[in-house]
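Numbering-wise, the working numbering comes out as the position in the sequence shown, counting from 1, plus 2. Ideal Cβ positions, reconstructed from N, Cα and C, are used throughout, including at glycine. Since this is a predicted model, take the numbers as computed values, not measurements. Working notes, structure below.
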Amino acid sequence: MTYVTGDIPTGDYDPDRPANIGIGHAAVNVGGGYTYFDPAKGREFSTVIQWPQVQRRFEMNWSDTDIAYMRAALAEAERSGELGEIPVGAVVVRGSAIVGTGHNRSIVDCDPSAHAEIVALRAAAKAGRNYRLNGASLFVTLEPCAMCIAAAAQARVTRVVFGAYDKKAGAAGSVIDLTESNALNHRMEVNGGVLAEECGALLRRFFETKRGDP
Ligand SMILES: [Zn+2]
Numbered sequence: 003m004t005y006v007t008g009d010i011p012t013g014d015y016d017p018d019r020p021a022n023i024g025i026g027h028a029a030v031n032v033g034g035g036y037t038y039f040d041p042a043k044g045r046e047f048s049t050v051i052q053w054p055q056v057q058r059r060f061e062m063n064w065s066d067t068d069i070a071y072m073r074a075a076l077a078e079a080e081r082s083g084e085l086g087e088i089p090v091g092a093v094v095v096r097g098s099a100i101v102g103t104g105h106n107r108s109i110v111d112c113d114p115s116a117h118a119e120i121v122a123l124r125a126a127a128k129a130g131r132n133y134r135l136n137g138a139s140l141f142v143t144l145e146p147c148a149m150c151i152a153a154a155a156q157a158r159v160t161r162v163v164f165g166a167y168d169k170k171a172g173a174a175g176s177v178i179d180l181t182e183s184n185a186l187n188h189r190m191e192v193n194g195g196v197l198a199e200e201c202g203a204l205l206r207r208f209f210e211t212k213r214g215d216p
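What follows is the structure, given as structure tokens:
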């Protein structure tokens, strides 16, 4: 099964502005349909591809290295979960080395800025003794929020790769696309949807367990 990611429009398709239309992003099973998790409704939706031009446009085969780094971020996310934090994990990669790791620590650290991405960026900057991380890639299991996209831009990260889309707070296209904003004086390559199913399932399990607690 090959998964691709992209915007699945429900309205008129405009190839130049794919992010501005439709229901947003989805993991697409080529030749079959696509599944789409809607956090607002709390369940997954499936349908059949009716937009072959969209499928072509967004077809993407993730490299083995992208998948391996996302797995490392997933391992970090599991650590957040063990702490009772929302399970999000991140790693910073330079060349082929992981130079910083982080998981959500806002509750345990009493720190509203301790999102996985910021923790990982801090670790990488400290390790390299430089707050600029030019050439580095940030891998994170959930689409970054506005604060984290801004932090990645401050660090001059070259590429941001995320797993699950965040329809409630995602600032890489889901709620707002800060990566395209002139408010940030830095452009980054952004790719979403790597291991989206696994990254999203970890979050879903966490919230289901939480709801089940007395
Ligand atoms: Zn964040």
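Contact test: residue i Cβ vs ligand 1 heavy atom, cutoff 7 Å
i    : result
M223 : Here the chain comprises residues numbered 3 to 216, so residue 223 is not present and cannot be evaluated.
E119 : yes
M149 : yes
P114 : no
P89  : no
Beta-carbon proximity list for residue i, same chain, < 8 Å, skipping 5 on both sides
i    : result
A174 : E145, P146, I151, V162, F164, L180, T181, V192, G194
L76  : G91, T143, G165, L197, E200, C201, L204
I109 : L85, G86, E87
I100 : Y71, A74, V93, V94
V177 : D168, K169, K170, A171
I120 : G104, M149, C150, A153
Residue-chain proximity (residue i, chain D), Cβ-Cβ < 8 Å
i   : result
V95 : The structure shown contains no chain D; it holds only a single protein chain.
Opposing strand residues paired with residue i [DSSP bridges]
i    : result
E191 : R161
G97  : Per DSSP, none; premise fails for G97.
A92  : G104, V142
D179 : A174
Close Cβ partners of residue i (< 6 Å) along its chain, the five nearest in sequence each way excluded
i    : result
M149 : none
G33  : Because G33 carries a pLDDT of 37, less than 50, the predicted location of this residue cannot be relied on, and the following value inherits that uncertainty. So the list is empty, once near-sequence residues are dropped.
G83  : P89, F208
E78  : G91, T103, H105
Cβ-based neighbour list, residue i, same chain, cut-off 7 Å, excluding 5 preceding and 5 following
i    : result
S98  : none
A2   : Any answer about residue 2 is impossible in this case: the structure gives the chain only from 3 up to 216.
G137 : R96, T160
A185 : none
D68  : V163, V196
Open item on the list: I'd like the ranges of any alpha helix (DSSP H) spanning at least 4 consecutive residues and lying wholly in the segment 105-169.
Closed with: DSSP runs (the alpha helix (DSSP H)) wholly in the segment 105-169: 108-111, 118-130, 148-156.
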